[in-house]
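Undergrad: Below: one structure in structure tokens.
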Amino acid sequence: MLIRVHAASVDPGVWHLTTGQPYVIRALGFGLRAPKTRVRGMDVAGRADAVGPDVTRFPPSSCTVTASRPPSTSP
Numbered sequence: 002m003l004i005r006v007h008a009a010s011v012d013p014g015v016w017h018l019t020t021g022q023p024y025v026i027r028a029l030g031f032g033l034r035a036p037k038t039r040v041r042g043m044d045v046a047g048r049a050d051a052v053g054p055d056v057t058r059f060p061p062s063s064c065t066v067t068a069s070r071p072p073s074t075s076p
């Protein structure tokens with residue numbers, strides 16, 4: 002499903018990961034000098050622009066609210 006995002010949120014946990022404070026967050030593998038993943042906000046609200054052939058629950062142009070996962074970097 003391709004979602005046209007109209008709104009996104011950033012909660013306190015995301016803010017701590019992005020800023021690296023407290024500093025122990027950096028040591029836990031989230032990036033010592035800068036965040037490894039630059040965009041952390043994952044809660045979005047928007048409208049479905051396109052859906053795949055196997056999607057039956059959400060028709061195109063339906064409104065949706067979701068908590069998504071970042072793309073996987075592992076093979």
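Numbering (this note's numbering), first residue to last: 2 to 76. Every residue, glycine too, gets a C-beta built ideally from N, C-alpha and C.
1) Can you name the start and end residues of the beta strand (DSSP E) that residue 67 belongs to?
2) Specify whether the segment 7-26 and the segment 45-57 touch according to this definition: at least 3 beta carbon pairs, one from each stretch, less than 8 Å apart.
3) Helix or strand or just coil, what does DSSP make of residue 45?
4) On the three-state DSSP scale, how would you describe residue 6?
TA: Considering the structure as presented:
1) 64-68
2) yes
3) strand
4) strand
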